[in-house]
Structure formats: structure tokens, C-alpha cells
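> Okay, so the sequence shown: first residue is 2 according to my numbering, each after it adds one.
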Amino acid sequence: MGESDERRLGTAGPVGSADGVPEESAEPEEPAAGGEAAEDERTDGGKKDRPAKKKGSGLVETLMYTLGGVVVALLVHTFLLQSFYIPSESMQNTLLVDDYVVVNKLAYKLGPVERGDIVVFKGWDGEDTIKRVIGVGGDHVKCCDAKHRITVNGTPLDEEGKYLYPGAEPSSIEFDVKVPQGRLWLMGDHRNNSADSRYNIEDGHQGTISEDDVTGRAFLRYWPLNRISFLSRPDTFSVVR
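Shown next, in the form of C-alpha cells:
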């Protein structure tokens, strides 16, 4: 709600205002027979008696709505969406330092991890890490062909001008890995500044990460406002078989 809306709400007359209530007649009522005055059925100001509003009912409603909102937020955070900020330069220029992204945590409950996805996962040091998926289980990833392009299953990736950091090589490190089933080969978009699968190739898993360690797929960059954008899968990987 914008600030102007808040001002309008703040200055609006409250519901049930006394505007338009007629004035009470100034003529006194006749006493009842027997000399006792009849009990007045109207209160001061000409309004009928109303049952007193239960104290605390408004507070209870507010607490219930607040609690409901907290529960919904926790459920969304736990099972559906989570926000992450970018602390390093490894995904430039797709993601810059201090960008914020939203991760869909259900993405891989409903479908497989795909090449080209940007994913958040528990990295090689156990910390939340964000990289791009280059190879999935069963893929043969290699650097590099005669034109110094990374290949997946023998198909060269056309990365320049798509997501690769301008001026960066596809890889300055050679590798030749068959990705095990259920695991992923991941690389940053800024290849000269990304400690990714290539740098962990001696970890006993050839630098690959288990799909079970993936938190979800980053699908939206929402901060800063001038960089709001959906993070779509590039068509670079559509030719890989």
C-alpha cells in the first residue's frame, strides 16, 4: 500500500460516526402512575442502549491474523520459496554482488534439474552456493574443443554473448568428466572468478554435487529494482543430446 493510500485511510471518518444522529427532544417525560419515574429506555445523547463490546476481542482477532500470517510465511519459506543475496562475483554479469534472488524450492520436486538452470545448493564447503548447471547425470562434460569451447556429450556450448562474463574464457582449466547419475557439474558465469566444479575435481566426486544437496532453482532477480528480471534457461543447452 502506498504512502498516499495510508494518508487517505488515516484521514477517513471512522465507521459508525455520530454524524446525522438526531438531537434528543428537550421536553421532559411524564412520570409513571404511582409517582415513580419510568425507567428511561434511551441513554444520554438519544442513543439506544447497546451491549458493551467485549474487551479484548479486537486484540484476539489481531493476534489470530498475525499468527496466521506468520504460519503462512513459515510454510512458504520452508516448502515453496526462499530469498538469497549474492555475496560474490562468480555469477557476473548475470548476478552481481548484493543482488537478491528468489529460489523455487519445489522446482525439482515436480521435475528434473536441467542444464542451464541457476541453482542454489550446499556447496563444497557446506555453505549455500549459487552456480549454473552445465552437466546432469550421465553427461560427458569436457574442456575444451579446438575452438576452446566446453562440450557436453560432444556438443560445443555457444556461451559467449549469452551468459558468459565478457572477456572470460569458457575455462582456463581442462577437465574431462562423466557426471554420475544423480549428480551435477556446476560452473559460475564468471569463469575467471568462480571456484566451481573444476576446482573441486579431486574431492572424490570429480567436483560434482548431489541433486539432493540442491535447495532449488533461482528464477527471479528482484533487487535492486532496476535489475528486476526472470532468470530463464538459455537456449545454449537446447542442442545438447
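Where a beta carbon is used, it is the ideal one built from N, C-alpha and C, also for glycine.
Report the CB separation of F176 from R199 in whole angstroms; it is logged as a contact under 8 angstroms.
F176 to R199, Cβ: 6 angstroms. Contact.
> Is there at least one non-hydrogen atom of the ligand PLP closer than 7 angstroms to the beta-carbon of E212?
Among the components modelled here there is no ligand, and therefore nothing to report on the ligand PLP.
> Per DSSP, what kind of secondary structure is L232 in: helix, strand or coil?
Of the three classes helix, strand and coil, the one that applies to L232 here is coil, per DSSP.
> Select from G139, R234 and D159 the residue whose C-alpha is nearest the C-alpha of T95.
Ranking G139, R234 and D159 by Cα distance to T95 puts R234 first.
> Could you tell me the alpha carbon to alpha carbon distance between W224 and F85, rounded to whole angstroms?
Near 10 angstroms, if we compare the C-alpha coordinates of F85 and W224.
> Provide the residue span of the alpha helix (DSSP H) that contains K110, from first to last.
Element bounds for K110: A108 to L111.
> Check each candidate in L185, R228 and V241 and name the one with the smallest Cα separation from G124.
Of L185, R228 and V241, the residue nearest in Cα terms is L185.
> Answer with buried or exposed for K148, where buried requires no fewer than 16 other C-beta atoms within 10 angstroms of its C-beta.
The residue in question, K148, is exposed, as its Cβ has fewer than 16 Cβ neighbours within 10 Å.
> Assuming H141 is part of the beta strand (DSSP E), what are its boundary residues?
Here the beta strand (DSSP E) through H141 covers H141 to C144.
> Measuring only the C-alpha atoms, how far is N201 from E115?
For N201 and E115, the distance between alpha carbons rounds to 21 angstroms.
> Applying the 10 Å Cβ sphere with the 16-neighbour rule, what's the burial state of Q243?
In the structure as shown, the chain starts at 2 and stops at 242, and residue 243 therefore has no counterpart that could be examined.
> Is it true that the CB of K132 sits closer than 8 angstroms to the CB of L187?
Yes, these two residues count as a Cβ contact at 8 angstroms.
> If we require 4 or more residues per run, which alpha helix (DSSP H) segments fall completely within the segment 135–211?
Entirely contained in the segment 135–211, not one alpha helix (DSSP H) run reaches 4 residues.
> What residue from D126, I119 and E203 has the CA that sits closest to T216's CA?
Among D126, I119 and E203, the Cα nearest to that of T216 is on I119.
> Using the three-state DSSP reduction, which class does G217 fall into: helix, strand or coil?
Residue state, collapsed to three classes: strand.
> What does DSSP give as the partner residue(s) for T130 in the beta ladder?
Bridge partners of T130: F122.
> What residue does the beta strand (DSSP E) around Q83 start on, and which one ends it?
Where Q83 is concerned, the enclosing beta strand (DSSP E) stretches over L82 to Y86.
> Does E160 pass the burial test, meaning 16 or more other C-beta atoms within 10 Å, or should it be called exposed?
Buried, since its Cβ has 16 or more Cβ neighbours within 10 Å.
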